[in-house]
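In order, the protein sequence lines correspond to chains H and P.
Numbers given in the working numbering equal positions in the first sequence, counted from 1, plus 28.
Numbers given in the working numbering equal positions in the second sequence, counted from 1, plus 108.
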Amino acid sequence: MSLAEMPVGLAAVPRRQRGALARQLRSELRLVFGRRRNLILLGALGAIPLAIGIAVKVSPPGGQGDGGPMFLNRITDSGLFLVLTALFITLNLFLPVVVGIIAADTVAGEAQIGTLRYLLGVPVRRGRLLVVKGAGIAAYAFAAVATIAIVAAIAGISLFGAGSFTLLGGQTVSVGEGLLRILGVSTYVWLSLSGLLAVGLLISTLTEVPMGAMAGTLGFAVLSLVLDSIPSLHAIQPGLISHYWQSFGTLIRVGPDYAALGKHLLLQVVYVAIAGGLAWARFSDADVTS
Amino acid sequence: MTVLLEGEEAPAEADTSHPLVIETHGLTKRFRSGQVAVDHIDLEVERGAVYGFLGPNGSGKTTTIRMLLGLIRPTEGTVRLLDDPMPQRAAQALPKVGALVEGPAFHPYLSGWSNLERLDRMDETADPRTHQERLEKALARVGLSAASGKKFRQYSLGMKQRLGIAAALLQPRELLILDEPTNGLDPQGTREVRNLIRELSADGLTVLVSSHLLAEVEQVCTHVGIMSVGRLVVQGTLEDLRRGGETTITVTTSKPDAARATLVKLGLSDVTVGQDEVHAPLGDVTPESVTIALVEAGVPVRGLAATRPALEDLFVDITGEGFDVAR
Numbered sequence: 029m030s031l032a033e034m035p036v037g038l039a040a041v042p043r044r045q046r047g048a049l050a051r052q053l054r055s056e057l058r059l060v061f062g063r064r065r066n067l068i069l070l071g072a073l074g075a076i077p078l079a080i081g082i083a084v085k086v087s088p089p090g091g092q093g094d095g096g097p098m099f100l101n102r103i104t105d106s107g108l109f110l111v112l113t114a115l116f117i118t119l120n121l122f123l124p125v126v127v128g129i130i131a132a133d134t135v136a137g138e139a140q141i142g143t144l145r146y147l148l149g150v151p152v153r154r155g156r157l158l159v160v161k162g163a164g165i166a167a168y169a170f171a172a173v174a175t176i177a178i179v180a181a182i183a184g185i186s187l188f189g190a191g192s193f194t195l196l197g198g199q200t201v202s203v204g205e206g207l208l209r210i211l212g213v214s215t216y217v218w219l220s221l222s223g224l225l226a227v228g229l230l231i232s233t234l235t236e237v238p239m240g241a242m243a244g245t246l247g248f249a250v251l252s253l254v255l256d257s258i259p260s261l262h263a264i265q266p267g268l269i270s271h272y273w274q275s276f277g278t279l280i281r282v283g284p285d286y287a288a289l290g291k292h293l294l295l296q297v298v299y300v301a302i303a304g305g306l307a308w309a310r311f312s313d314a315d316v317t318s
Numbered sequence: 109m110t111v112l113l114e115g116e117e118a119p120a121e122a123d124t125s126h127p128l129v130i131e132t133h134g135l136t137k138r139f140r141s142g143q144v145a146v147d148h149i150d151l152e153v154e155r156g157a158v159y160g161f162l163g164p165n166g167s168g169k170t171t172t173i174r175m176l177l178g179l180i181r182p183t184e185g186t187v188r189l190l191d192d193p194m195p196q197r198a199a200q201a202l203p204k205v206g207a208l209v210e211g212p213a214f215h216p217y218l219s220g221w222s223n224l225e226r227l228d229r230m231d232e233t234a235d236p237r238t239h240q241e242r243l244e245k246a247l248a249r250v251g252l253s254a255a256s257g258k259k260f261r262q263y264s265l266g267m268k269q270r271l272g273i274a275a276a277l278l279q280p281r282e283l284l285i286l287d288e289p290t291n292g293l294d295p296q297g298t299r300e301v302r303n304l305i306r307e308l309s310a311d312g313l314t315v316l317v318s319s320h321l322l323a324e325v326e327q328v329c330t331h332v333g334i335m336s337v338g339r340l341v342v343q344g345t346l347e348d349l350r351r352g353g354e355t356t357i358t359v360t361t362s363k364p365d366a367a368r369a370t371l372v373k374l375g376l377s378d379v380t381v382g383q384d385e386v387h388a389p390l391g392d393v394t395p396e397s398v399t400i401a402l403v404e405a406g407v408p409v410r411g412l413a414a415t416r417p418a419l420e421d422l423f424v425d426i427t428g429e430g431f432d433v434a435r
């Protein structure tokens with residue numbers, strides 16, 4: 029093959045192929061869920077409801093009432109309450125930690141090992157990369173909440189039976205409706221994390237050190253939880269990212285307060301918009317020197 | 109001989125419509141620290157060239173390459189890559205460019221295959237129907253087919269480097285940018301990379317290959333640009349550069365003083381006298397006329413040599429230091 033036979037510049041003009049976004053999303057999911065550490069984290073999250081269930085079985089909590097905020101002494105009535113207890117306990121610490129780890133990995137992790145420069149050289153457009161990365165962590169957060177809920181439901185029912193699902197307020201509903209409400213709670217918990225996911229993505233674009241991004245995201249969540257617990261700060265508390273995290277309990281009341289839930293989800297949308305916008309502003313123009 | 113070479117060069121300049129595949133004007137990068145990594149360079153890479161982008165470590169080669177690819181924004185100046193302004197039209201230009209930048213980087217816990225798969229799936233212009241075939245071809249081209257199932261973490265340095273080149277070859281390209289492609293390779297691997305560059309160049313690709321080791325790329329380059337402390341100090345064809353060095357005549361003789369007198373009479377200056385040797389830059393004088401003059405003057409000549417400086421020495425002159433830091 030001599031130079032003379034070859035037309036110079038023979039590469040065809042590259043065209044965007046159909047279904048590219050779907051392939052990119054699948055690739056990101058494989059990356060996130062193909063990593064052993066991420067699966068171990070899911071396993072650890074699944075172990076939490078299991079541990080709670082066994083603890084309650086071994087030493088059932090006494091007392092009456094509606095079970096308190098953690099629904100602990102309702103578990104013996106219906107195993108489904110284990111889902112609520114597990115989500116309640118993980119939402120204040122484990123879930124933000126896990127979300128922080130995964131979000132930190134998105135951009136900072138790729139920057140640290142150098143794959144970011146090759147992704148951008150492929151090229152993957154920077155805005156598209158943020159969208160794909162955001163979708164990846166959202167999917168992981170979904171898997172995290174689902175793992176907790178499913179393990180809790182299975183463990184709860186097998187340890188305590190489905191029993192009678194009594195709503196807060198005293199009305200007893202069918203197991204089917206109980207499951208439906210728990211599905212609503214899980215979805216709400218997942219969506220509650222979206223603001224923190226976006227903040228994690230933003231912090232991840234600011235550094236090449238995933239540990240730093242993880243600490244930053246977790247710090248943000250902890251700061252919000254701390255500020256939310258100081259009574260004199262009630263004026264700013266409705267704007268805190270974690271303020272309504274625990275309000276999922278209303279979904280198992282006789283008449284759920286949908287307005288409060290809506291307000292909370294709107295707050296998450298605002299966080300996603302601001303953090304996502306800042307992430308785009310930062311990343312679209314950033315020098316990639318890693 | 110000189111005249112002949114210049115005559116040969118003329119037609120080569122006149123044939124292409126987009127003669128420049130890479131073109132920068134006043135390209136400058138000043139980092140936030142105030143350090144000027146790249147200082148007003150006008151890089152010009154012609155279509156079909158194998159451009160050796162040379163310079164010591166830290167002379168600004170990688171920063172320049174990152175600006176070419178749109179990874180870093182220039183502080184000043186412009187970049188045109190395949191006629192597209194960068195970084196504005198990165199999405200149009202980059203699919204036609206394969207690049208290896210500052211060493212290979214892949215996910216350590218994924219196999220070589222999965223890593224290429226990842227890059228190919230993220231490429232919006234990659235045709236999913238030919239996915240498998242393209243991966244197989246790219247891996248075969250760098251001799252990694254057998255090791256494609258192994259985790260990247262377990263690859264040797266040379267295998268990692270080759271996987272990086274395979275990634276650059278996933279799609280048909282017009283331009284390859286290879287930053288230090290021979291880093292970490294043994295002499296055999298280095299030779300393979302050189303052969304690969306030759307093959308790709310014969311296929312019509314333009315190649316920009318950076319190196320701090322002149323000897324590793326000299327044999328394959330048609331053009332050379334040399335960076336020193338952020339500036340592009342020399343740029344041109346390898347032939348031009350070779351010609352730039354002055355030829356020295358060395359006369360080995362038992363009567364160096366007589367030889368010296370003869371050379372001076374011929375009009376040579378800067379004649380230095382050694383033990384039984386005389387050196388002088390030739391200038392316009394031909395070695396033949398020196399021989400005749402020496403014989404006519406009755407100077408006993410044991411040996412006579414007209415030598416051009418090695419390219420390596422030229423580089424050292426230009427950059428003020430050796431290329432191989434380890435040497």
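Note that CB positions come from ideal geometry on N, CA and C, so glycine has one too.
Asked, Found
"Contact set between arginine 181 of chain P and chain H, taken where Cβ atoms lie within less than 7 Å", "Asp313 and Asp315"
"Per-residue burial, glutamine 327 of chain P [other beta carbons within 10 Å of its own, 16 or more giving buried]", "exposed"
"Cβ-Cβ distance between leucine 208 of chain P and alanine 201 of chain P below 7 Å", "no"
"Nearest residue (CA-CA) to leucine 229 of chain H, options H:Val237, H:Ile176, H:Arg209 and H:Asp133", "H:Asp133"
"Cβ shell of isoleucine 426 of chain P (< 7 Å), same chain only, five flanking positions each side left out", "Ile334, Ser336, Val341 and Val342"
"Where the beta strand (DSSP E) through arginine 188 of chain P begins and ends", "184 to 189"
"Minimum length 4: unbroken alpha helix (DSSP H) runs contained in the stretch 140 to 220 of chain P", "169 to 176 and 198 to 201"
"One or two residues paired with aspartate 287 of chain P in a DSSP bridge", "P:Ser318"
"Assigned secondary structure, serine 270 of chain H (DSSP; H/G/I helix, E/B strand, else coil)", "coil"
"Listed by chain order, chain H residues near aspartate 365 of chain P by CB distance under 9 Å", "Simply none; closest approach about 54 Å."
"Nearest neighbour of serine 362 of chain P, chosen from P:Leu412, P:Arg181 and P:Val250 [CA to CA]", "P:Leu412"
"Proximity test, Cβ basis, 7 Å: leucine 100 of chain H and chain P", "no"
"Proximal residues of chain H, C-beta to C-beta of leucine 376 of chain P below 7 Å", "Per Cβ cutoff of 7 Å: no residues; leucine 376 of chain P is ~42 Å from chain H at best."
"Own chain, CB closer than 7 Å to arginine 302 of chain P, minus 5 neighbours either side, in chain order", "Gln327 and Val328"
"Coil, strand or helix - glutamate 33 of chain H by DSSP", "Reliability of the predicted coordinates at glutamate 33 of chain H is poor, the pLDDT of 39 falling under 50, and the value obtained from them is presented with this limitation in mind. It is helical."
"Histidine 262 of chain H - DSSP class collapsed to helix/strand/coil", "coil"
"Buried or exposed (CB count within 10 angstroms, at least 16 for buried), glycine 391 of chain P", "exposed"
"Below-7 Å beta-carbon distance, threonine 143 of chain H vs any chain P residue", "yes"
"Proximal chain P residues relative to glycine 149 of chain H, where beta-carbon distance stays under 8 Å", "Leu177, Leu179, Leu202, Val205, Ala207 and Val209"
"Segment contact, 8 Å Cβ cut-off, at least three pairs: the stretch 167 to 184 of chain H with the stretch 142 to 159 of chain H", "no"
"Pick from H:Leu268, H:Gln52 and H:Gly206 that is closest to valine 297 of chain H, judged by C-alpha positions", "H:Leu268"
"Among H:Leu261, H:Thr175, H:Val126 and H:Ser214, nearest to proline 238 of chain H - alpha-carbon criterion", "H:Val126"
"Beta strand (DSSP E) segment containing glutamate 385 of chain P, residue limits", "385 to 389"
"Start-to-end residues for the alpha helix (DSSP H) that takes in glutamate 420 of chain P", "419 to 427"
"Chain-ordered residues of the stretch 350 to 362 of chain P with a beta carbon less than 7 Å from chain H", "none"
"Boundaries (first-last residue) of the beta strand (DSSP E) holding arginine 138 of chain P", "128 to 138"
"Valine 217 of chain H, enclosing alpha helix (DSSP H) - first and last residue", "203 to 220"
"Below-7 Å beta-carbon distance, methionine 230 of chain P vs any chain H residue", "yes"
"Members of the stretch 292 to 313 of chain P near chain H, C-beta cut-off 9 Å", "Glu307, Ser309, Ala310, Asp311, Gly312 and Leu313"
"Whole-angstrom distance between leucine 422 of chain P and aspartate 432 of chain P, CA atom to CA atom", "Confidence in aspartate 432 of chain P is poor, its pLDDT being 46 and thus under 50, which makes the residue's placement too unreliable to answer from."
"Partner residues on chain H for arginine 226 of chain P, Cβ-Cβ distance less than 7 Å", "Ser55 and Leu59"
"Pairwise C-alpha distance: leucine 73 of chain H and valine 217 of chain H", "14 Å"
"Cβ separation of alanine 163 of chain H and leucine 70 of chain H, assumed to be a contact under 8 Å, to the nearest whole Å", "Going by Cβ atoms, the distance from alanine 163 of chain H to leucine 70 of chain H rounds to 18 Å, so no, they are not a contact pair."
"Distance CB(arginine 209 of chain H)-CB(isoleucine 103 of chain H) smaller than 7 Å", "no"
"Within chain H, the residues that alanine 275 of chain P reaches when beta carbons sit closer than 8 Å", "Tyr146"
"CB of glycine 272 of chain P within 7 Å of CB of proline 212 of chain P, strictly", "yes"
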